[in-house]
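Student: Adding 151 to a residue's 1-based position in the sequence shown gives its number in my numbering.
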Amino acid sequence: MMRMSLFVVLILLQLQGSTASPTVTQSPASKAVRLGETVYLSCKASTGVDDDLSWYIQKHGQPPKLLFYKIATRQSDTPSHFSSSGSEPDFTLTIRGFQAEDVGVYDCLGAYNGPVNTQ
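The structure is reproduced here in structure tokens:
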């Protein structure tokens, strides 16, 4: 009998950039996942992020590790069962065949490239 383990994947979203108040949102904030499952993590960014969207994972006790940048450009050590896609405003990180070592906090980071409002 195959034993299926249940994991919780936490997803945090951040946005860096100007004071123009851009936003990044995601849902859900956490997700229960079974080994072998395909997992979709969604990120919605406000106007101005364009293609400057990155995904990170932070495993317990370790610093964040870059998975993808410029939406779908894979970091050299990103596992092949991870993929990233989308365009402003909707982005998705897909994990096909979730593995125990995939547990962590996932971060969607968008850099705002729009105009800066100053007063």
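Note that beta-carbon positions come from the ideal geometry of N, C-alpha and C, so glycine has one too. The model shown is predicted, which means the values in this text are computed figures rather than measured ones.
Verify whether the separation of the beta carbon atoms of residue 253 and residue 195 is less than 8 Å.
Tutor: no
Student: Within a Cβ cutoff of 6 Å, which residues of the same chain sit near residue 221, ignoring the five residues on either side of it in sequence?
Tutor: Cβ-Cβ distances below 6 Å link residue 221 to 202 in the same chain, with the five nearest sequence neighbours on each side left out; the list follows chain order.
Student: For residue 180, which option in 256, 262 and 188 has the closest C-alpha, if you only look at C-alpha atoms?
Tutor: Of the candidates 256, 262 and 188, the one whose C-alpha sits nearest the C-alpha of residue 180 is 256.
Student: Using only the alpha-carbon positions, how far apart do residue 251 and residue 239 sit?
Tutor: 31 Å
Student: Using CA coordinates, which residue listed in 197, 224, 217 and 246 is at the minimum distance from residue 191?
Tutor: 246
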